[in-house]
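First the structure, in the form of structure tokens, and then the observations on it.
Residue numbers (the working numbering): 167 to 1095.
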């Protein structure tokens, strides 16, 4: 059985990894020739200002008095330059946003494995192509463009520890940048070498301003701090523009661009595709930029123009990746080799021939990528299997280039620009075509493996825990034809992949189904027994069971898209006792079940966690935990057993832990409001409580009730520290329902005629081997497995759509740290998610113990259910439509696959928490009731 679990775990790791080869492979290719516009550029230098986390509406809108909080930028929009909205793509994080801005392509999400800080694949950028680049700002952002750029890139950054969400004044991150630039230009007047470099052409000044993003996380975008930071940035840019004008003698050869890498939600987060995250400002002025244009009417889907009173000034929207070719065109450097941006010629204030030549260069640059990608795929595919991109054949793209060049020679510049734009669109489609060329082939093999594994797991459950195979007469063992056939199939697949020079991962995906299906077909006796049993089963009953289980699976799948489906499911579960004899024989348990199901059903209807923080709700949950602790202590005092004193001390310790958690939460909240930072004593208390929560439950007795209560109380101390509002009540209500579930399952078992020698309160957790001789499987066991999966999803989505990054609130970890650390913060938020999981899995351990059924058989059924769901999401993965839909569909699959893998870990953790006993004072006496 252990071998089966190890193999199953490996299979799920392969299925999980497959999504990265199918959807998350890097789009980058290498070997292209740099392309630059052959005409003199309008600007000698460019200043790129990226205000991290700045929303478009926050910059453009007017305040309560009708005044702009960015008067200098508003004056630019009305008198000097052009403006619009830069549309970003998910994930709306700092690294992908800057890659799109400076390199011109939308980075693959696999970079998240390196915390959005390191380059998973080296790429070209505007900074690489510049003659000199000077940059100021955050070390995280500056370093990723400087590492591979060479000695012509100079970076000036503050210490990473200054990025503190709890700092008294985080605008210092931006004032540091502005002050250092002023000192830099002042020093340049006395440094002849630096002065000479600054007067070269094709140079870039890159400013990364992190203060707005940090204030947004700490105080929300609607806060005074966020808005004051916008005003500070506006004043700083005004001073810099004046400084450069004076330094260069007003030569009018400087181009300015102000934009943002991403926006931010109202509750201070970013990462997904909400308009508040994808709508960022874009304002540009100076050399080569078109002046403002007054218009009588404009048509846009949003209300930004009206709200910001900019209806009269032409708005020119732009895709984030289009900014890179615009900057390259302005200073005359080659377009970044991997850029997929389309030059927005409407922003250029230059001759028509310059616009046409720049557009032609842009088309050739993207076409180069298409040709390299096609060549790479053609070289590793058998000629008779290769299917080229029909919309852009070799002859067609050559004809389009010749025609565009002919239009330029004939001074038909508008026609040339239009033709180049058409060629770019075809080349981008072709890039996508070859990038996803193997998707169907890989997807088919993964699905084949999925179905095979689910079939084998189901057959193993039937073989080990049912009597179906007993009715089948022993059949003569098959000859060696079956294994020989599968070996031959495996060899043919390997040869096919070898000829095509496929990566080693392709061998794994394609060869894995071979042994899986061999194992399935070896169980021909079980298959024969199953078929025979189904043929004798009443058709109505079979159809009824199939319908119920299918609807159940669909509810689980829909809950990923609509949280209220969990509410509907919990309401149905509340009605469930009425369909059984439970209501007539155990009304007390039934009423408790109904009450807690309906109470838990409220949580999925609540707003996503973090959007409306309320510290007093956290305090209220803490008080309930204290009342529960008092109840436990009272029950202990009434008992007259050995080691009561030790248990009493343990419960008093857990009460103290809860009180300290409440103190830390309340004190930290007030300290951050006063901008006094995170108190050191609070930080120490929080980390000590987190560490002790893993140990304290192991000190409690292994009697079922006492151990579960101890796990709950220890978990709640940590959960309170990570809570921001109503979600603090969630583990309490969930645990109450789990206690009722345990009693319900034992009551159902007694009604079915299975003897239960012990009461629930007297059962003791023990390291017990898997006992399969108790009884065979029954339909109720499938229901129990379904209940577990449903409760796990409720634990997962009960307080937010965890498939969306928006459900994660960085403020929830402020009791532990406020200095930005993605891995530590991510680990803490992940533990917050896991705590309800652990509570459910501990209850499941009790259910399998009280129902006298093998835990492995129930666990295998849970894996089969999760695999069926994963297969659903595999087919629902999108690579079209909005980027929010695409990202969400992929995250759903990843979550379900992770659930199947993490379930193994959670099962082991739950068993450790429920069965292991630490002894501090020597070997204790037995304290069985």
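Here a beta-carbon is modelled for each residue, glycine too, at the ideal position from N, C-alpha and C.
- Inclusion of residue 612 and residue 184 in the CB contact set at 9 Å is warranted, their separation being smaller than that value.
- Here DSSP, grouped into helix, strand and coil, assigns residue 1083 to coil.
- With fewer than 16 other beta carbons inside 10 angstroms of its own, residue 800 counts as exposed.
- Across the structure, residue 999 and residue 864 are spaced so that their CA atoms are roughly 21 Å apart.
- DSSP places residue 270 in no beta strand (DSSP E); its state is neither H nor E.
- In this structure residue 731 is not in contact with residue 791, their Cβ atoms being roughly 30 Å apart against a cut-off of 8 Å.
- Scanning its chain for C-beta atoms nearer than 6 Å, with the 5 sequence neighbours on each side dropped, one finds around residue 252 the residues 425, 446, 448, 484 and 486, in chain order.
- Counted as a single uninterrupted DSSP element, the stretch harbouring residue 438 is not any beta strand (DSSP E), since DSSP gives it neither H nor E.
- The C-alpha of residue 916 is placed about 34 Å away from the C-alpha of residue 1084.
- In the displayed model, residue 452 falls within a strand according to three-state DSSP.
- Relative to residue 950, the option among 551, 753, 987 and 1014 whose CA is nearest is 1014.
- Between the beta-carbon of residue 434 and that of residue 383 there is about 5 Å, and that keeps the pair under the 8 Å contact cut.
- Using a 10 angstroms sphere on the CB of residue 670, the tally of other CB atoms stays under 16, which defines it as exposed.
- Less than 9 Å divides the Cβ of residue 619 from the Cβ of residue 1033.
- Counting along the chain, the unbroken beta strand (DSSP E) around residue 249 starts and ends at 248-253.
- By the neighbour-count definition (other C-beta atoms within 10 Å, threshold 16), residue 568 is an exposed residue.
- In this model, residue 797 and residue 853 are separated by some 27 Å (Cα to Cα).
- Between the stretch 506-520 and the stretch 556-565 there are fewer than three inter-stretch CB-CB distances shorter than 8 Å, so the stretches are not counted as touching.
- Judged by DSSP in its simplified three-state form, residue 374 adopts strand.
- Assignment of residue 546 by DSSP, reduced to helix, strand and coil, places it in the coil class.
- Exclusion of the five residues before and after residue 535 leaves 195, 198, 503, 504, 506, 593 and 597 as the residues of its chain whose Cβ lies within less than 8 Å of its Cβ.
- Contact check between the stretch 841-856 and the stretch 825-833: three or more CB pairs, one atom from each, fall below 8 Å, which counts as touching.
- Look at the beta carbons and you see the stretch 867-883 touching the stretch 1067-1085: at least three pairs across the two are nearer than 8 Å.
- The shortest C-alpha to C-alpha distance from residue 994 to any of 464, 978, 1003 and 171 is the one to 978.
- With respect to residue 437, residue 288 sits apart: the two C-beta atoms are not nearer than 9 Å.
- Residue 540 is positioned such that its CB atom lies no closer than 9 Å to that of residue 622.
- Pairwise C-beta distances place the stretch 449-466 in contact with the stretch 205-219, as three or more of them are shorter than 8 Å.
- Beta-bridge analysis with DSSP links residue 321 to 301.
- In the displayed model, residue 798 falls within a helix according to three-state DSSP.
- Annotation: residue 391 to residue 1003 spans about 37 Å, alpha carbon to alpha carbon.
- About 7 Å separates the beta carbons of residue 1058 and residue 1042, which is inside the 8 Å limit, making them a contact pair.
- In terms of Cβ geometry, residue 762 and residue 674 do not form a close pair [threshold 9 Å].
- Within the stretch 337-424, the complete alpha helix (DSSP H) segments at least 4 residues long are 338-354, 358-364, 377-385 and 390-413, listed from N- to C-terminus.
- The Cβ-Cβ distance between residue 826 and residue 781 does not fall below 9 Å.
- A straight line joining the alpha-carbon of residue 470 with that of residue 902 spans about 48 Å.
- The beta carbon of residue 550 sits closer than 6 Å to none of the beta carbons in its chain outside the five residues before and after it.
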